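A quick write-up on the structure given underneath.
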Amino acid sequence: MDDLLRELVRHYKYVIYALLMVIGLYAIIAKGHLVKKIIGLNLLQTAVFLFYLSIGRVKGGTVPVLWEGDGAPVTPIYENPVPHVLMLTAIVVGVSTTAVALALVVRIHRAYGTVEEVEILAADEDEADEPTGDAGA
Numbered sequence: 003m004d005d006l007l008r009e010l011v012r013h014y015k016y017v018i019y020a021l022l023m024v025i026g027l028y029a030i031i032a033k034g035h036l037v038k039k040i041i042g043l044n045l046l047q048t049a050v051f052l053f054y055l056s057i058g059r060v061k062g063g064t065v066p067v068l069w070e071g072d073g074a075p076v077t078p079i080y081e082n083p084v085p086h087v088l089m090l091t092a093i094v095v096g097v098s099t100t101a102v103a104l105a106l107v108v109r110i111h112r113a114y115g116t117v118e119e120v121e122i123l124a125a126d127e128d129e130a131d132e133p134t135g136d137a138g139a
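Add 2 to a position in the sequence shown, counting from 1, and you land on the number used in this note's numbering.
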C-alpha cells in the first residue's frame, strides 16, 4: 500500500490528467445541457493534450537541432518533437469541433427553444406522435 501511494505521488500529474479525463467523460455522459456536454468534451480533450505533451517530455532533453562547433552538447538527449506537433494539430481540430458544436447548439436553441437534451427529445417524440392531416383521407 505504501509503494502504491509513493508511486501515485511520484506520478501525480498523470493522476490529475486521468481525473480530468474522468470529469470530462462524466460531463459528456451525465449532463443534459448541451453546452455542459461541450465543456466536458473540451475538458477531456485538454486532459489528453496535457497527457501526450507530458509523455513527450524528456528530463534534461534539448531541442533536436544540430549544433556546429563549440556549442555541441557533450551527451545530447533530444526530445521527440512529434507529440508536440500532433498536439498542435489536435488543438486546431478541437477548436474547430467546439465551434461547430456551439453553432449546432445555437441552431437547436432556435428550433426548439431549449438546449436541454430531455426537452429536445420530448419535443421530437411529441412531433412524431402528432397525426398528419391527410391520414384519414
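Even glycine gets a Cβ: it sits at the ideal position worked out from N, Cα and C.
Please read these numbers as outputs of a predicted model, since none were measured by experiment.
Whole-angstrom C-beta distance between H86 and L55, which should lie under 8 angstroms: The pair is a contact, with the Cβ atoms about 7 angstroms apart (cut-off 8 angstroms).
Best match in G96, E118 and V84 for proximity to V50 [C-alpha to C-alpha]: Nearest to V50 by C-alpha distance, out of G96, E118 and V84, is G96.
Element boundaries [alpha helix (DSSP H), containing M89]: Here the alpha helix (DSSP H) through M89 covers V84 to Y114.
Local Cβ density within 10 Å of L104, reported as buried at 16 or more and exposed below that: Burial call: exposed.
Residue from L7, G34 and L22 whose Cα sits closest to the Cα of V117: Among L7, G34 and L22, the Cα nearest to that of V117 belongs to G34.
For E121, the three-state DSSP class (helix, strand or coil): Looking at E121 - three-state DSSP - the assignment turns out to be helix.
Reference V107, options E81, K38 and P83, closest by Cα: Of all alpha-carbon atoms in E81, K38 and P83, the one lying nearest the alpha-carbon of V107 is that of K38.
Presumed contact (8 angstroms Cβ cut-off) between I79 and T99, rounded CB distance: A Cβ-Cβ separation of about 35 angstroms leaves I79 out of contact with T99 under the 8 angstroms criterion.
Distance, A113 Cα to G58 Cα: If I take the Cα positions, the gap works out to 45 angstroms.
Beta-ladder partner(s) of H13, from DSSP: H13 is not bridged to any residue.
Close Cβ partners of L22 (< 8 angstroms) along its chain, the five nearest in sequence each way excluded: Once the five neighbours on either side are set aside, the close Cβ partners of L22 are L45, L46, T48, A49 and L52.
Element boundaries [alpha helix (DSSP H), containing I57]: Annotation for I57: the continuous alpha helix (DSSP H) segment containing it runs L36 to I57.
Alpha-carbon to alpha-carbon, M3 and G62: Between the alpha carbons of G62 and M3 lies a gap of roughly 31 angstroms.
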